[in-house]
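Have a look at the structure below, then the notes.
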Amino acid sequence: MAIPERFSNLPEYAFPRLRTLLAGISPAADPVVMTIGEPRHAVPEFTGRIMAESIKEFGKYPSNEGVPELLAAISGWIGRRHGIEVEPARITAVNGTREGLFNAALALCPEQKKGQRTAILIPNPFYQVYAVAAAAVGAEPIFVPATSETGFLPDFAGLPAETLDRVGIAYLCSPANPQGSVASEAYLQDLITLANRHDFLIFSDECYSEIWRGAPPPGALAVATRMGLADRVVMFNSLSKRSNLPGLRSGFAAGGREQIAQFRRLRSYSGAPLPLPVQRVSTAAWADEAHVDENRALYHAKYAVADRVLGNMPGYQAPQGGFFLWLRVPEAVGTGEEAAKMLWSEAGIQVLPGAYLSRETAAGNPGQDYIRVALVDPADQTEAALIRLKNCLYQGG
Numbered sequence: 001m002a003i004p005e006r007f008s009n010l011p012e013y014a015f016p017r018l019r020t021l022l023a024g025i026s027p028a029a030d031p032v033v034m035t036i037g038e039p040r041h042a043v044p045e046f047t048g049r050i051m052a053e054s055i056k057e058f059g060k061y062p063s064n065e066g067v068p069e070l071l072a073a074i075s076g077w078i079g080r081r082h083g084i085e086v087e088p089a090r091i092t093a094v095n096g097t098r099e100g101l102f103n104a105a106l107a108l109c110p111e112q113k114k115g116q117r118t119a120i121l122i123p124n125p126f127y128q129v130y131a132v133a134a135a136a137v138g139a140e141p142i143f144v145p146a147t148s149e150t151g152f153l154p155d156f157a158g159l160p161a162e163t164l165d166r167v168g169i170a171y172l173c174s175p176a177n178p179q180g181s182v183a184s185e186a187y188l189q190d191l192i193t194l195a196n197r198h199d200f201l202i203f204s205d206e207c208y209s210e211i212w213r214g215a216p217p218p219g220a221l222a223v224a225t226r227m228g229l230a231d232r233v234v235m236f237n238s239l240s241k242r243s244n245l246p247g248l249r250s251g252f253a254a255g256g257r258e259q260i261a262q263f264r265r266l267r268s269y270s271g272a273p274l275p276l277p278v279q280r281v282s283t284a285a286w287a288d289e290a291h292v293d294e295n296r297a298l299y300h301a302k303y304a305v306a307d308r309v310l311g312n313m314p315g316y317q318a319p320q321g322g323f324f325l326w327l328r329v330p331e332a333v334g335t336g337e338e339a340a341k342m343l344w345s346e347a348g349i350q351v352l353p354g355a356y357l358s359r360e361t362a363a364g365n366p367g368q369d370y371i372r373v374a375l376v377d378p379a380d381q382t383e384a385a386l387i388r389l390k391n392c393l394y395q396g397g
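Heads up: the sequence shown begins at 1 in UniProt numbering, then just goes up one per residue.
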């Protein structure tokens, strides 16, 4: 049986592509992997105790949208963090943001707008699930460059009005993966106004929101709420980065009452609920900020390391949030793929070519000349690795 064309045309995922690129290349001594965005700090101390105390609840079917205690904890966190009231009926638990970002498109993207095929706006580069969601609903993906010229955020307002009229969903990630840029309140206000004018939803991927450099990034749902347009935004967040619990697969979506009700309806048929022990740990994690503050301090130390080691290198951009460096490759080296091969063979540093996080458009591939570097190891190991990277890629500076 033939594979549906909309999926067969998807490019290979980033990490298998990287394995193919580096196949047959022997790394230098003591290889360091700085590719995947997997937090490596300690999990919260209460995780094991709560999981053990609730272990018997693996024998029960869990609530699909989240038990009342979990929804109340998430609601409380949104109130403390963003200063808005979002009642539990406007929240649903999801298996991490990736599941939520995908299934929400199935639940909320119209098949057509104004008698035409619906479009989905996607920043370029981007988290790849956005494109898969567009393919799953049969929407036209429109990849909008997020480059240095636009502050590494997509200029959705620069699209033609006739294109915006066909949009069902616009994905936004702030702090951005991979560039670390943060959408300001003014940027969010303009985007929400645009969404209201052209009648589309904003899916705000905020999974890096608690890893920031100078000030907490504003949340799209909070900005929309203050504008009286809360039903224009569906906000996604998780415990993966905030609490160093990527394997827990626990997150949430929050938005307008009708949007979340429709999302819950779909998930009651197709979504896998979080096991009750996972929900108990999640309840405690959303209610506690001490471990989040400690975690952020560790990333602040690594921001300082990156600034110190690479700050004088051409094109270096200090990330405002998240834990990635988005490094422009020197012209003498070539593309991100060529840089990745050089770093692996000569310095034992494994990084991800930026082109693997982007799509080719008429204007080219905005990630072609970049590499993504994950700052997930301890600060001392990160410093040693970045020094090796600098000496190889920038010839010592």
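The C-beta atom is built at its ideal place from N, Cα and C for all residues, glycine as well. Source: prediction; values computed, not measured.
| query | result |
| --- | --- |
| So is Lys302 buried or exposed if we call it buried at 16+ other beta carbons inside 10 Å? | buried |
| Who are the near neighbours of residue 412 in its chain, counting only those whose CB is closer than 8 Å to its CB and skipping five residues on each side? | Examination of residue 412 is not possible in this model, given that the chain is present from 1 through 397 alone. |
| Excluding the 5 residues flanking Pro27 on each side, which residues of the same chain have their C-beta closer than 8 Å to its C-beta? | Trp344, Ser345, Gly348, Gln350 |
| Among Gly311, Arg80, Pro68, Leu327, which residue has its Cα nearest to the Cα of Pro178? | Leu327 |
| Would you mind sorting Asn365 into buried or exposed? The rule is 16 or more other CB atoms within 10 Å of its CB. | buried |
| Alpha carbon to alpha carbon, how far is Gln279 from Val329? Give it in angstroms, no decimals. | 43 Å |
| Start and end of the alpha helix (DSSP H) containing Met342? | 336 to 342 |
| Kindly indicate the opening and closing residues of the alpha helix (DSSP H) around Tyr269. | 257 to 270 |
| If you scan the stretch 271 to 347 from start to end, which runs of the beta strand (DSSP E) of 3 or more residues do you find wholly inside it? | 324 to 328 |
| Rounded to whole angstroms, what's the CA-CA distance from Val94 to Glu331? Just pull it up for me. | 43 Å |
| In its own chain, which residues sit with a C-beta less than 8 Å from the C-beta of Phe58, not counting the 5 before and 5 after it? | Pro275, Leu276, Pro277 |
| So Gly251 packs on Thr97, CB below 8 Å; how close in whole Å? | 5 Å |
| At which residue ranges does the stretch 178 to 252 contain complete beta strand (DSSP E) runs of 3 or more residues, listed in the order of the chain? | 201 to 205, 233 to 238 |
| Comparing C-alpha positions only, which one of Arg249, Arg213, Ser184 sits nearest to Ala220? | Ser184 |
| Would the stretch 158 to 173 and the stretch 108 to 117 be scored as touching if the rule is three or more Cβ pairs under 8 Å? | yes |
| Would you say the stretch 138 to 153 touches the stretch 358 to 374, given that touching needs at least three Cβ pairs under 8 Å? | yes |
| Residues in its own chain within less than 7 Å of Ala72 by CB, not counting five upstream and five downstream? | Pro88 |
| Buried or exposed: where does Tyr127 fall if 16 or more other Cβ atoms within 10 Å of its Cβ makes it buried? | buried |
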